[in-house]
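*Asks:*
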Amino acid sequence: MAPSAATASKPAAERSRAQSKPRLTTFPRFTEVADELGIRFSYANGVSGRSLMVEASGGGAGWLDFDGDGLLDLYFCQGGNPATDDPAAEPNDQLFRQVEPGRFVSVAEVAGIDERRYGQGVAIADYDDDGFDDIFVSNVGPDTLLKNQGDGTYINVSRLSGVSDKLWTTSAAWSDLDGDGHLDLYVCNYVEYDPYHPILCYGATGKQGTCHPKHLAAVPDECYFSRGDGTFVAALDQHGLTAPDGKGLGVVIADLNNDGLPDIYVANDTTANFLFINQGQGRFVESANFLGCAVSGEGLMQASMGIALGDFDHNGWLDLYCTNFTREGNTLYKNLGTAGFQDVTGLVGLYAPTLTKLGFGTWMADFNQDGHEDIFITNGHVDDWRERGDDHEMEPMLFSFEGPRFVNCSAQAGEFFSRKLIGRGLACGDFDNDGDWDLCVVHQNLPAAILRNDSERGHWLKIRCQALGNRRGIGTRVVLRQGDKTLTQELAGGVSYCSAHEAALIFGLGTDAGPVDLEIRWPNGDRETVNGVTLDQQVVLRQRPPSGVQAQSDGASTASGAARAETEGATR
């Protein structure tokens with residue numbers, strides 16, 4: 043490939059300015075901007091005064107570009123009354139369209155969205171590969187699949203497609219699990235629950251509180267395998283995706299053993315977490331206990347909620363971070379490769395600071411692009427137990443990896459991090475298209491926050507991947523190399539809690555000015571390279587069709603055996 047095919051339209055003067063950035067000296071920093079953007083949304087959990095279990099869990103959000111205009115839009119699922127006799131009277135989910143840079147407008151009704159079930163989470167994918175983002179909404183009760191019709195509207199195809207699970211569904215994730223070129227859907231189911239006859243629980247003092255999960259029976263998760271015609275078949279057992287006593291809240295689908303196949307990790311509440319290792323052709327074996335990521339390093343089952351994924355130690359193997367219940371501390375599982383996982387939470391400074399928190403949404407990313415991963419966590423208790431020292435509202439947290447330990451930099455990250463809130467879902471996306479991660483945080487009964495990333499930044503590269511039959515590139519892995527530096531990222535399915543991130547990868551290089559080489563492994567296993575890519579820009583990688591057929595040219599040169607890379611967005 044030509045040395046600068048990915049940067050052909052980038053002015054030399056602009057590249058020069060980017061390369062002269064000063065050395066990073068600060069932690070990541072964010073500014074809350076939801077109101078000025080026009081995004082006004084509060085998740086209503088239907089607070090009944092009875093501390094119902096279902097009131098503690100929702101909700102989530104998802105970034106997408108539903109109208110294909112190149113600007114990110116934002117979908118929120120909504121709660122309401124889980125035991126309503128009049129669904130039409132319940133609040134609708136919300137879709138905010140970014141009509142111009144920095145201005146969002148609510149368009150749910152005009153987009154044909156009439157989704158008034160008790161929502162929990164959101165998963166985004168172009169499941170039919172027509173070029174438009176579709177939306178899966180997990181609910182307490184029947185789930186919903188909204189098909190994008192390509193004209194700015196959605197249609198509910200839940201029954202027609204066969205994905206209308208009627209259980210209490212939480213997080214969900216898309217990926218091609220059986221290698222047939224079509225996206226499949228894994229959904230986490232929680233516990234047996236009847237919203238019309240809910241179980242009530244009381245503490246030792248007689249105060250009513252949210253029930254412990256041990257009082258409710260676990261229900262199995264579900265996995266829908268695509269037939270390739272817009273319909274799905276539920277086939278959990280046939281593919282080995284069964285394990286006892288799971289109470290699923292979080293899920294991520296990614297290649298965790300570097301064999302080129304997507305694996306499934308599930309965060310369970312008070313029961314052992316699952317890791318389904320892909321054996322090929324859609325067959326899985328549950329291996330979490332054997333590989334060291336089922337329980338904590340002390341051998342304790344934890345109340346896990348959300349999951350973050352990233353290669354914090356740059357060894358080329360993806361690590362797992364789970365948010366847990368208060369007094370448990372969150373857990374970082376370091377991926378040791380063929381030796382499995384090791385709980386290194388205390389060794390890297392992440393245990394003690396999280397002991398007093400109850401975490402939900404989380405994301406591991408290089409927010410200030412200094413070349414090292416950071417971890418964001420949204421917190422909030424499921425009950426108000428101030429009398430025993432557990433606040434209902436809790437501050438979010440931000441950790442920066444300074445090697446070999448993480449540092450709690452919340453106090454330096456902005457005013458938002460001093461606010462006590464009941465945080466749940468976390469969705470990350472670059473809404474202002476400047477090449478860094480911004481955050482959407484969903485709160486219960488309070489406005490959702492949009493955190494614009496205002497960090498002092500190092501050099502960076504943002505990548506979108508378009509795989510054959512999979513335009514969001516879910517499952518694509520990119521390895522970036524520059525000198526002796528190697529960074530590994532994957533466009534995973536799921537991640538966080540009940541939420542969907544923008545389908546993009548953002549690499550931080552710190553003071554290293556580039557250029558860099560990229561090694562791409564596509565979801566079908568094809569491997570391609572792009573060399574000499576300039577930093578501080580956004581590019582699109584498009585997988586080449588089979589048999590050496592040249593993709594349609596739109597001005598970017600392509601070398602034989604290399605993915606096509608195209609400059610896409612602005613720089614900062």
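Numbering (the numbering used here), first residue to last: 43 to 614.
Note that the Cβ used here is the ideal one computed from N, Cα and C, for glycine as well.
Just to confirm the assignment, what range does the alpha helix (DSSP H) spanning S6 have?
*Replies:* A question about residue 6 goes unanswered here, because the residues of the chain that appear run from 43 up to 614.
*Asks:* With G163 and T212 assumed to form a contact (beta carbons below 8 Å), what rounded beta-carbon distance in angstroms separates them?
*Replies:* Residue mapping note: residue 163 aligns to position 121 of the sequence shown, counting from 1. Residue mapping note: residue 212 aligns to position 170 of the sequence shown, counting from 1. Going by Cβ atoms, the distance from G163 to T212 rounds to 6 Å, so yes, they are a contact pair.
*Asks:* Tell me which residues share the same chain as P45 and place their Cβ nearer than 8 Å to its Cβ, disregarding the 5 neighbours each side in the sequence.
*Replies:* Residue numbering aside, residue 45 sits at position 3 when the sequence shown is read from its first letter. A caution first: P45 carries a pLDDT of 32, below 50, which makes its placement in the model too unreliable to give a value.
*Asks:* May I ask which residues mark the beginning and end of the beta strand (DSSP E) holding A407?
*Replies:* The residue labelled residue 407 in the question sits at position 365 within the sequence shown. Residues 401-407.
*Asks:* Are G391 and T420 touching if we call contact CB-CB under 7 Å?
*Replies:* On the sequence shown, residue 391 is found 349 positions in, with the first residue counted as 1. On the sequence shown, residue 420 is found 378 positions in, with the first residue counted as 1. Not in contact: G391 and T420 (Cβ atoms no closer than 7 Å).
*Asks:* So, is H254 buried or exposed, given that buried needs 16 or more other C-beta atoms within 10 angstroms?
*Replies:* As a first step, residue 254 must be located in the sequence shown, where it is residue number 212. H254 should be labelled exposed.
*Asks:* Might you give, ordered along the chain, the residues of its own chain that have their beta carbon closer than 6 Å to the beta carbon of E78, omitting 5 neighbours on each side?
*Replies:* One-based indexing of the sequence shown puts residue 78 at position 36. The answer is none, since no qualifying residue turns up.
*Asks:* Rounded to the nearest angstrom, what separates D168 and D559 at their Cα positions?
*Replies:* Position 126 of the sequence shown, counted from the start, is the residue given in the question as residue 168. Position 517 of the sequence shown, counted from the start, is the residue given in the question as residue 559. Going from the Cα of D168 to the Cα of D559 covers about 29 Å.
*Asks:* Enumerate in chain order the residues of its own chain whose CB-to-CB distance from Y393 is below 6 Å, with the five nearest sequence positions on each side excluded.
*Replies:* As a working note, residue 393 is residue 351 in the sequence shown. Excluding residues within five positions, the ones whose Cβ falls inside 6 Å are G371, T387.
*Asks:* Thinking R139 and D115 are a contact (beta carbons under 8 Å), I'd like their distance in whole angstroms, please.
*Replies:* Translated into the one-based positions of the sequence shown, residue 139 becomes position 97. Translated into the one-based positions of the sequence shown, residue 115 becomes position 73. 5 Å between Cβ atoms; contact.
*Asks:* On the DSSP letters alone, give me the boundaries of the alpha helix (DSSP H) that D77 sits inside.
*Replies:* Against the sequence shown, residue 77 aligns to sequence position 35. Element bounds for D77: 76-79.
*Asks:* Between which residues of its own chain and D425 is the CB-CB distance below 8 Å, once the five residues before and five after are set aside?
*Replies:* Translated into positions along the sequence shown, residue 425 becomes position 383. Result list for D425: S93, A98, G251, T252, D432, H434, in chain order.
*Asks:* Which term fits P587, buried or exposed, when burial requires 16 or more other beta carbons within 10 angstroms of its beta carbon?
*Replies:* Residue 587 sits at position 545 when you count from the first residue of the sequence shown. Counting Cβ neighbours within 10 Å, P587 comes out exposed, since fewer than 16 surround it.
*Asks:* May I ask which residues mark the beginning and end of the alpha helix (DSSP H) holding N300?
*Replies:* The residue given as residue 300 occupies position 258 in the sequence shown. No alpha helix (DSSP H) holds N300; DSSP gives it neither H nor E.
*Asks:* Quick check on Q136: buried or exposed, where buried means 16 or more other Cβ atoms within 10 Å of its Cβ?
*Replies:* Here residue 136 refers to the residue found at position 94 of the sequence shown. Per the 10 Å Cβ criterion, buried.
*Asks:* Tell me the start and end of each unbroken beta strand (DSSP E) in the segment 270-354 that is at least 3 residues and wholly inside, in chain order.
*Replies:* Complete beta strand (DSSP E) runs here, min 3: 274-276, 290-296, 305-310, 316-322, 325-328, 349-352.
*Asks:* Determine the DSSP secondary structure at H257, reduced to helix, strand or coil.
*Replies:* As a first step, residue 257 must be located in the sequence shown, where it is residue number 215. Here H257 sits in helix by DSSP.
*Asks:* Take the Cβ of V327 as the centre, count every other Cβ of all protein chains shown within 10 Å, and call the residue buried at 16 or more, exposed below.
*Replies:* Here residue 327 refers to the residue found at position 285 of the sequence shown. Exposed, by the Cβ-count rule.
*Asks:* So who's on the other strand from I548, going by DSSP bridges?
*Replies:* In the sequence shown, the residue the question calls residue 548 occupies position 506. Looking at the DSSP assignment, I548 forms a beta bridge with K504.
*Asks:* Buried or exposed, going by whether 16 or more other CB atoms sit within 10 Å of the CB of A534?
*Replies:* Within the sequence shown, the letter at position 492 stands for residue 534. With 16 or more Cβ atoms within 10 Å of its Cβ, A534 is classed as buried.
*Asks:* Would you mind working out which of F549, Q524, Q508 sits nearest D172, comparing C-alpha positions?
*Replies:* Taking the sequence shown and counting its residues from 1, one reaches residue 172 at position 130. Ranking the options by Cα distance to D172, first place goes to Q508.
*Asks:* Got a sec? Which residues, its chain only, sit under 7 Å from L30 by beta carbon, not counting five neighbours each side?
*Replies:* The structure shown has nothing for residue 30, since the chain only spans 43 to 614.
*Asks:* Since H501 and L577 should fall inside the 8 Å C-beta cutoff, what is the C-beta to C-beta distance between them, to a whole number of angstroms?
*Replies:* Walking along the sequence shown from the start, residue 501 turns up at place 459. Walking along the sequence shown from the start, residue 577 turns up at place 535. Indeed, because the Cβ distance is near 4 Å, the residues count as touching under 8 Å.
*Asks:* What residues are listed by DSSP as bridge partners for S180?
*Replies:* Within the sequence shown, numbered from 1, the residue matching residue 180 stands at position 138. Note: S180 sits in a beta bridge opposite G163.
*Asks:* Please go through the same chain and pick out, in chain order, the residues whose beta-carbon is closer than 7 Å to the beta-carbon of L242, but skip the five residues on each side of it.
*Replies:* One-based indexing of the sequence shown puts residue 242 at position 200. Taken in chain order, the residues that qualify are R92, Q250.
*Asks:* Could you have a look at A125 and say whether DSSP puts it in helix, strand or coil?
*Replies:* Counted from its first residue, the sequence shown places residue 125 at position 83. Reduced to three states, the DSSP call for A125 is coil.
*Asks:* Let me check understanding here. Comparing Cα to Cα, which of R269, V199, G194, G525 lies closest to P188?
*Replies:* Start at 1 with the first residue of the sequence shown, and residue 188 comes out as number 146. Just to set this straight, residue 188 is Leu in the shown sequence, not Pro. L188 has its Cα closest to that of V199, out of R269, V199, G194, G525.
*Asks:* Grouping DSSP H, G and I as helix and E and B as strand, with all else coil, what is Q191?
*Replies:* Reading the sequence shown from its first residue, position 149 is the one you call residue 191. Coil, per DSSP.
*Asks:* For Y238, does the count of other Cβ atoms within 10 angstroms reach 16, so buried, or fall short, so exposed?
*Replies:* Counting from one through the sequence shown, the residue named residue 238 turns up at place 196. When all chains shown are included, Y238 counts as exposed.
*Asks:* Could you check the C-alpha separation between E608 and V581 for me, to the nearest Å?
*Replies:* Residue numbering aside, residue 608 sits at position 566 when the sequence shown is read from its first letter. Residue numbering aside, residue 581 sits at position 539 when the sequence shown is read from its first letter. Rounded to whole angstroms, E608 to V581 spans 5 Å at the Cα level.
*Asks:* With a CB to CB cut of under 6 Å and the five nearest residues on each side skipped, what residues in its chain are close to N366?
*Replies:* Within the sequence shown, numbered from 1, the residue matching residue 366 stands at position 324. So the qualifying residues of the chain are Q344, A345, S346, N372.
*Asks:* From P64 to T553, what does the alpha carbon distance come to, in whole angstroms?
*Replies:* The residue given as residue 64 occupies position 22 in the sequence shown. The residue given as residue 553 occupies position 511 in the sequence shown. Residue placement at P64 cannot be trusted, given a pLDDT of 44 that sits under 50; what the coordinates show is reported in the next sentence. Using only the alpha carbons, I get a separation of about 8 Å.
*Asks:* Among N566, A246, H356, V449, which one has its Cα closest to the Cα of D218?
*Replies:* Along the sequence shown, one-based indexing puts residue 218 at 176. D218 has its Cα closest to that of N566, out of N566, A246, H356, V449.
*Asks:* Got a sec, what are the start and stop residues for the beta strand (DSSP E) V416 sits in?
*Replies:* Taking the first residue of the sequence shown as position 1, residue 416 is located at position 374. A small fix is needed here, since residue 416 is Asp in this sequence, not Val. That run of the beta strand (DSSP E) goes 416-421.
*Asks:* Suppose you measure from the CA of V233 to the CA of S329; what does that come to, to the nearest Å?
*Replies:* The residue you call residue 233 lines up with position 191 of the sequence shown. The residue you call residue 329 lines up with position 287 of the sequence shown. Those two C-alpha atoms are separated by around 22 Å.
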